[in-house]
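>
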Amino acid sequence: MKFRTILLFGAPGSGKGTQGRILGAVPDYFYFACGDAFRNLRIDDPIGRIFIEYSSKGLLVPDETTISLWSRNIQASTVQGVFNPTRDTLVLDGIPRNAKQAEMLKDVLDVKGLLHLACLDEKKMIERLQRRALRENRLDDANLDVIKKRLDTYEKETKPVLDYYGSKMVHHIDSSKAPIEVLREILNVVVRL
Ligand code: ADP
Numbered sequence: 679m680k681f682r683t684i685l686l687f688g689a690p691g692s693g694k695g696t697q698g699r700i701l702g703a704v705p706d707y708f709y710f711a712c713g714d715a716f717r718n719l720r721i722d723d724p725i726g727r728i729f730i731e732y733s734s735k736g737l738l739v740p741d742e743t744t745i746s747l748w749s750r751n752i753q754a755s756t757v758q759g760v761f762n763p764t765r766d767t768l769v770l771d772g773i774p775r776n777a778k779q780a781e782m783l784k785d786v787l788d789v790k791g792l793l794h795l796a797c798l799d800e801k802k803m804i805e806r807l808q809r810r811a812l813r814e815n816r817l818d819d820a821n822l823d824v825i826k827k828r829l830d831t832y833e834k835e836t837k838p839v840l841d842y843y844g845s846k847m848v849h850h851i852d853s854s855k856a857p858i859e860v861l862r863e864i865l866n867v868v869v870r871l
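Using my numbering, the letters of the sequence shown map in sequence onto residues 679 to 871.
1) Tell me whether A796 sits in a helix, a strand or coil according to DSSP, three-state version.
2) Could you check the C-alpha separation between T764 and L793 for me, to the nearest Å?
3) What do you reckon, is the C-beta of D818 under 7 Å from a heavy atom of the ligand ADP?
4) Cα separation between T842 and I851?
5) Given that a residue counts as buried once 16 or more other Cβ atoms are within 10 Å of its Cβ, and exposed if not, what is L817?
6) Throw me the rounded Cβ distance for the Q697 and L829 pair, which I believe falls under 8 Å.
7) Give the straight-line distance between the Cα atoms of R727 and D799, rounded to the nearest whole angstrom.
8) Identify every run of the beta strand (DSSP E) within the region 821 to 850, keeping only runs that are complete inside it and at least 3 residues long; order them along the chain.
9) How would you write the range of the beta strand (DSSP E) that V769 sits in, first residue to last?
10) So who's on the other strand from T683, going by DSSP bridges?
11) Following the continuous alpha helix (DSSP H) through F716, name the residue where it begins and the one where it ends.
12) To the nearest angstrom, how far is the alpha carbon of K801 from that of D714?
13) Between the beta-carbon of L686 and the beta-carbon of L840, is there less than 8 Å?
As structure tokens, then:
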């Protein structure tokens, strides 16, 4: 059985987490953020150590490690009953993050659409990240060089995921607007999927 899935897509600071958490609060939608799953690991977890090594440099964690963490979390959420695969739509944020991961997940995800949150204003994105660094204690957001590297990784490795799924699947959302406006645009798309 494949999971009915919506992918949240966009550069760091584009507001995926803000919107994803709102969607995840709606009954029959289950939100999973890959970055949160990494951050929730115990520091002595071997995957937690790998995560810190890569994320502190603005790099992606290797694919096998990432996909196994994802499977582990989805399985645990299913067993706990917080995710019901036969009823819920899975809202994924931050995974798949390159074409290889998309390929590795193709037999388990039934992707209904991609929401591409696009913010053309790089200054605004960087400001959002730096504010978040303080609020959420995110080390990878605190350093401007690391932020720049993550934006670069996004352009080079993550953007190709849009091509992998093809333009018919992609819905562009202007995420430079206020969060409530972005939410309206997202809901307009999601109710039709
Ligand atoms: P952002 O959207 O702000 O870049 P995330 O919280 O999604 O932040 O991710 C933080 C870091 O976690 C990434 O920079 C990367 O190192 C790692 N990471 C998260 N998801 C993945 C993934 N699917 N594949 C590889 N690395 C990931």
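Note that beta-carbon positions come from the ideal geometry of N, C-alpha and C, so glycine has one too.
Quick caveat: nothing in here was measured; it's all calculated off a predicted structure.
Taking the coordinates as given:
1) strand
2) The alpha-carbon of T764 is positioned some 22 Å away from that of L793.
3) yes
4) Here the sequence assigns Tyr to residue 842, which means Thr is not the residue at that position. C-alpha of Y842 to C-alpha of I851: approximately 19 Å in a straight line.
5) exposed
6) So it is not a contact: roughly 19 Å between Cβ atoms.
7) Counting only the Cα atoms, D799 lies some 33 Å from R727.
8) List check, beta strand (DSSP E) in window: nothing returned.
9) T767 to D771
10) L768 and V789
11) Counting along the chain, the alpha helix (DSSP H) containing F716 begins and ends at C712 to R717.
12) 24 Å
13) no
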